[in-house]
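S.K.: Residue numbers (UniProt numbering), protein chains in the order written: chain Z, 1 to 167; chain S, 1 to 611. Have a look at this one before I ask anything.
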Amino acid sequence: MSKLGQAKRIIFLKTADGQLFEVDEPVAMEFEIVKSFFDENEDAADDTVVPLPNVSAEPLAGIIEFCKAHVEFRANGAAGKDEVKKFNAEYIKEKSNEQLKELILAANYLNIKEMLDFLTETIANRLKNKSVEYVRAFFGIENDFTPQEEEAVRKEYEWAFEGVDED
Amino acid sequence: MKVSSIIGFTEPWERKLKEFELNLSPYGGSGYHATHYTFSHECFNILLRCSNYLSSVKSLKSLCLEVVNITQEIVEFFIYNCPFLDQLRVAYSNLSRRVVGSSTQLKHFDIHKCDLIEEVEISDPSLLSFKYIGNEIKLHVDNVPLLLNVSMGSGWWPWPWVPITLTYPEPISTWAASKGPERAPRNWRNMYLINLLDTKNKGILDLEDWVSQLPDDILVNVISRLTVNEAARTSVLASRWKCLWTCSTTLNFEDPQKLLYVYNLRRASDEERCKYIGWVNRVLELRADSNINEFRIRFDLKDLHKSAINHWIYTAIDKGVEKLELNLKPYNEGVSYIDQYTFSEKFFNKLKTIPHFLSSVNALRSLRLEAVNITKEILKFFIYNCPFLEQLLVAYSSTLSSFKVVGSSIQLKSLDIQCCHLLEEIEISAPSLVSFKYIGGEIKLHLTNVAQLVDVWIGGSAFCVARIRNLIYSIKSILPQLKTLDLQKYRSTMESIHDFLPCTLPKLRQLTIEIFVGSSDRSLIGRRKDIHRYEKRPHQHLKVVELVGFCGFPVELELAINLLENATLLERMIVELPSASTWSERIRECARESTKTLTDYIPPAVDLVTH
Chain Z
1 MSKLGQAKRI
11 IFLKTADGQL
21 FEVDEPVAME
31 FEIVKSFFDE
41 NEDAADDTVV
51 PLPNVSAEPL
61 AGIIEFCKAH
71 VEFRANGAAG
81 KDEVKKFNAE
91 YIKEKSNEQL
101 KELILAANYL
111 NIKEMLDFLT
121 ETIANRLKNK
131 SVEYVRAFFG
141 IENDFTPQEE
151 EAVRKEYEWA
161 FEGVDED
Chain S
1 MKVSSIIGFT
11 EPWERKLKEF
21 ELNLSPYGGS
31 GYHATHYTFS
41 HECFNILLRC
51 SNYLSSVKSL
61 KSLCLEVVNI
71 TQEIVEFFIY
81 NCPFLDQLRV
91 AYSNLSRRVV
101 GSSTQLKHFD
111 IHKCDLIEEV
121 EISDPSLLSF
131 KYIGNEIKLH
141 VDNVPLLLNV
151 SMGSGWWPWP
161 WVPITLTYPE
171 PISTWAASKG
181 PERAPRNWRN
191 MYLINLLDTK
201 NKGILDLEDW
211 VSQLPDDILV
221 NVISRLTVNE
231 AARTSVLASR
241 WKCLWTCSTT
251 LNFEDPQKLL
261 YVYNLRRASD
271 EERCKYIGWV
281 NRVLELRADS
291 NINEFRIRFD
301 LKDLHKSAIN
311 HWIYTAIDKG
321 VEKLELNLKP
331 YNEGVSYIDQ
341 YTFSEKFFNK
351 LKTIPHFLSS
361 VNALRSLRLE
371 AVNITKEILK
381 FFIYNCPFLE
391 QLLVAYSSTL
401 SSFKVVGSSI
411 QLKSLDIQCC
421 HLLEEIEISA
431 PSLVSFKYIG
441 GEIKLHLTNV
451 AQLVDVWIGG
461 SAFCVARIRN
471 LIYSIKSILP
481 QLKTLDLQKY
491 RSTMESIHDF
501 LPCTLPKLRQ
511 LTIEIFVGSS
521 DRSLIGRRKD
531 IHRYEKRPHQ
541 HLKVVELVGF
551 CGFPVELELA
561 INLLENATLL
571 ERMIVELPSA
581 STWSERIREC
591 ARESTKTLTD
601 YIPPAVDLVT
611 H
């Protein structure tokens, strides 16, 4: 009840590279790791700074942008389905693979299911219906099989290559 | 343009030009055309005869020629004679066949839609970026140790990619010095790189193994979003990936290519069906030890194949499946209902013999059945015995006559009933229900105790156009709580719209309506009629209105205008005109006319989108 008259609560987060972020409570509570921090330390002072030793400032800023928008979408009701898709598409359009990787690692560490689902879905969509060579190039995966080993794996899952035009 | 008029062209070169851009494009884009200005040899020779031309041209740093026909020789002249030239772009030119971009200083090379090119050869130790948009070409890349940003694509929407044949000389260790020649990709042929354009030209070819820095569980998460074949193919990527896909608990038996083929013919052959069944069985056998979280079947199968289908359902439930989907439709937009697979009473009794059946079935969160005959009793069992069941879809069941979800403890959030042609009645009393979709004919619909319900979609299908009036009356009591409402493929008369629209829709944010105008109303095409204004009842939250298949009949125009006048916060009105394939040119013309009339009513804050 003391919360009623108060301004909305701000959560302080500190990144690995020492930057301090001030985040609105509902947005910060999207991060499972922050939520459980406060669940476990119920009497934590309002100005407690939550350390995030595995996240640096750049991906965190991106994550806050995403979660903030999604918290708003939810508050507005499911009505914004198209809006959400549009926002997500815009959001990911500007990201390089390096940024995408950083976001995934950070979202994974902070344990934000919705965002992680979205990011892995994005990657999966880029891989759908693509040849092995494409996926290797896309991910920059170095093929450490010998030709014989690769042939053996291909043979084992022959059915998965049916109808795929590798060349 | 004639040569004489371009003589002045020589002047800039004498002034130690650094950047030269000649863009003769009439608009944003263009194609190659013989009538375009040609940077001819004649003109070039004039240039060459200019005093000091060779020394002047040396200052050139950037050259950009758009919609200028030019020959390979002239391009080569610039490349070899301009030691500071680091940027070159040629667009919409007739530049033909073979382009050799061998130089020592060029940093950015861009070829854009030069339709006659067949082959491009690049050898340039300073090259940082290469961009190619156009038709299929053969691309030879050699000695480009600094090349990091490559983007290629067809540039032609909607084609998703253009096959570009890439050949790399051996050894290619220069591509990725850290990896050693034998580690580098051996045959990079047919790369589809259009995605590069989405990621701001960064990434793909920089060969940094960014994905190896992701933990296994994230990779498994990615794999679990692929089809079974795509997932299994990841095992060939590298040794780390060999077994990753077997950790994925999703078995999605969809083969989009094959499905497209089947859908085009509107049925699968017996041979294809056997092959599909063999495939599913084989994978299930292979993955006998793993749990199944998500199980998805999508193929044209019939009751004839019930032993296989039953086996799959049995296995999935036995392994604690959370999302179960059976989609046996022979083609995308419909079924024949003939010989359709039936989820039989007999099989249901067999399911119950699964050890710990009740606790296994407890895991179910989503059940989607399309072109599967099922009865209300079996559905009732799932609804009442799966406490976590949130999503239920039943489509094209020809045995469902009535459907009932009534209970205060029911967790169902999303209910979707489509095209069950014998269905007569639906009764819903489910406090958690958020979204309800019904497609089909006219039925009795009872909705009570649905306080959370905010998204409603009611519509006819292409085969059965539902009548709006009675269904609208059944949802009238919940209209005030709705946030989105879709009414599509509705046969309507003017009266029923009059009945419905003046209702208060205080929370509605998005409204989509497609009216199927009856033949009596159709005679009113193009006839002017006074716009009837409804009683003023502001729609305070309505932000988006979409009018599908807007033919501009008076009833539609009236609806649109009334919405515009009552929705104070409206941001966007989307008007989708009738498609040319189903409507005559006369109706389309009328639709365009009416849309013009509509523009007079659009307040400045509203964005009118037509397509």
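Glycine residues also receive a C-beta, built at the ideal position from the N, C-alpha and C atoms. These figures come from a predicted structure and were not determined experimentally.
1) Assign K155(Z) to buried or exposed, taking buried as 16 or more other Cβ atoms, counted over all protein chains shown, within 10 Å of its Cβ.
2) How far does the beta strand (DSSP E) with E427(S) in it reach, from first residue to last?
3) Determine the DSSP secondary structure at S402(S), reduced to helix, strand or coil.
4) If we cut at 9 angstroms on Cβ distances, does R233(S) have a partner in chain Z?
5) Counting contacts by CB-CB distance shorter than 9 angstroms, is W457(S) in contact with chain Z?
6) Does the beta carbon of N562(S) sit closer than 9 angstroms to a beta carbon anywhere in chain Z?
7) Give the DSSP-derived three-state secondary structure of F436(S) in the structure shown.
8) For L505(S) versus L542(S), is the C-beta distance shorter than 9 angstroms?
9) Does D39(Z) come within less than 9 angstroms of chain S when only Cβ atoms are used?
10) Here's a check: name, in chain order, each residue in its chain whose Cβ is nearer than 6 angstroms to the Cβ of I10(Z), leaving out the five neighbours to either side.
11) If the cut is a Cβ gap below 8 angstroms, which residues of chain S does R154(Z) touch?
12) What three-state label does DSSP hand I70(S) in the structure shown?
13) So, are the CB atoms of V280(S) and W312(S) less than 9 angstroms apart?
14) Do R282(S) and E254(S) have their C-beta atoms within less than 9 angstroms of each other?
15) Does chain Z have any CB closer than 9 angstroms to the CB of I223(S)?
16) Excluding five sequence neighbours on each side, which residues of the same chain lie with their C-beta closer than 8 angstroms to the C-beta of E150(Z)?
17) Quick one: using the 10 Å Cβ neighbour count with 16 as the cut-off for buried, is Q148(Z) buried or exposed?
18) Can you give me the C-alpha to C-alpha distance between T249(S) and E114(Z), rounded to a whole angstrom?
19) Report all residues from its chain with a CB closer than 6 angstroms to the CB of F84(S); omit the five preceding and five following residues, and keep chain order.
20) Could you give the first and the last residue of the continuous alpha helix (DSSP H) run that contains D39(Z)?
21) Keeping to the same chain, check which residues put their C-beta closer than 7 angstroms to that of T122(Z); ignore five residues upstream and five downstream.
22) Does the beta-carbon of D455(S) have 16 or more other beta-carbons within 10 angstroms, so that it is buried, or is it exposed?
23) Mind listing the chain S neighbours of V84(Z)? Cutoff is C-beta to C-beta under 9 angstroms, in chain order.
24) Looking at the secondary structure, which residues open and close the alpha helix (DSSP H) in which D395(S) lies?
25) Checking contacts by CB at 9 angstroms: is A124(Z) closer than that to chain S?
26) How about D110(S) and K131(S): do their beta carbons lie closer than 9 angstroms?
27) Indicate whether at least one CB of chain S lies closer than 9 angstroms to the CB of F161(Z).
28) To the nearest angstrom, report how far apart C590(S) and Y92(S) are at their CA atoms.
29) Should the stretch 370-379 of chain S be regarded as contacting the stretch 353-361 of chain S, the criterion being three or more beta carbon pairs within less than 8 angstroms?
30) Tell me whether I383(S) sits in a helix, a strand or coil according to DSSP, three-state version.
31) On the criterion of 16 or more Cβ atoms from any shown chain inside 10 Å, does I204(S) qualify as buried, or is it exposed?
32) Go to W583(S), then tell me how far its beta strand (DSSP E) extends in each direction, as first and last residue.
33) Give the range of the beta strand (DSSP E) segment to which G62(Z) is assigned.
34) Using the C-alpha atoms, what's the distance from E30(Z) back to Y109(Z)?
35) Tell me where the beta strand (DSSP E) around F130(S) begins and ends.
36) Quick one, which residues of the stretch 130-152 of chain Z are near chain S if we go by CB-CB under 8 angstroms, in chain order?
M.R.: Reading it off the structure:
1) Classification for K155(Z): exposed.
2) Run containing E427(S): E425 to S429, per the beta strand (DSSP E) assignment.
3) In the structure shown, S402(S) sits in a strand (DSSP, three-state: E or B).
4) For R233(S), the answer is yes, since a Cβ of chain Z falls inside 9 angstroms of its Cβ.
5) With 9 angstroms as the cut-off, W457(S) does not count as an interface residue toward chain Z.
6) Under the 9 angstroms criterion on CB atoms, N562(S) is classed as non-interfacial with respect to chain Z.
7) If DSSP states are grouped into helix, strand and coil, F436(S) belongs with the strands.
8) Result yes, Cβ atoms of L505(S) and L542(S) sit closer than 9 angstroms.
9) Interface residue (Cβ-Cβ distance to chain S less than 9 angstroms): D39(Z) is not classified as such.
10) If we look at I10(Z) and ignore the five residues flanking it on each side, its Cβ neighbours are E22.
11) Correct list: V236.
12) Looking at I70(S) - three-state DSSP - the assignment turns out to be coil, as it is neither helix nor strand.
13) Yes, the Cβ-Cβ distance between V280(S) and W312(S) is below 9 angstroms.
14) Taking 9 angstroms as the Cβ cut-off, R282(S) and E254(S) do not qualify as a contacting pair.
15) True, the Cβ-Cβ gap to chain Z drops below 9 angstroms.
16) Here the set comprises N143.
17) Q148(Z) is exposed by the Cβ-count criterion.
18) Distance between the alpha carbons of T249(S) and E114(Z): 19 angstroms.
19) Contacts found: K61.
20) Note, D39(Z): alpha helix (DSSP H), E32 to E40.
21) Within the same chain, T122(Z) has close Cβ partners I92.
22) With 16 or more other Cβ atoms within 10 Å, it is buried.
23) None at all; the shortest Cβ gap to chain S is about 12 angstroms.
24) For the record, residue 395(S) in the displayed sequence is Ala; it is not Asp. It is not in any alpha helix (DSSP H) - A395(S) instead sits in the beta strand (DSSP E) that spans Q391 to A395.
25) Output row for A124(Z): interface = yes.
26) Contact: yes.
27) Judged by the 9 angstroms Cβ criterion, F161(Z) is in contact with chain S.
28) Approximately 39 angstroms, taken between the alpha carbons.
29) These segments do not touch.
30) In the three-state reduction of the DSSP assignment, I383(S) falls in the helix class.
31) Interpretation of I204(S) is limited by its pLDDT of 37, a score under 50 that renders its predicted location unreliable; no figure is taken from the coordinates.
32) Segment: none, W583(S) is in no beta strand (DSSP E) and carries neither H nor E.
33) Counting along the chain, no beta strand (DSSP E) covers G62(Z); the unbroken alpha helix (DSSP H) around it starts and ends at A57 to A75.
34) Put simply, the backbone Cα of Y109(Z) is about 12 angstroms away from that of E30(Z).
35) Run containing F130(S): S129 to I133, per the beta strand (DSSP E) assignment.
36) Only K130, S131, V132, E133, Y134, V135, R136, A137, F138, F139, G140, I141, E142, N143, D144, F145, E149 and E150 from the stretch 130-152 of chain Z bring a Cβ to less than 8 angstroms from some Cβ of chain S.
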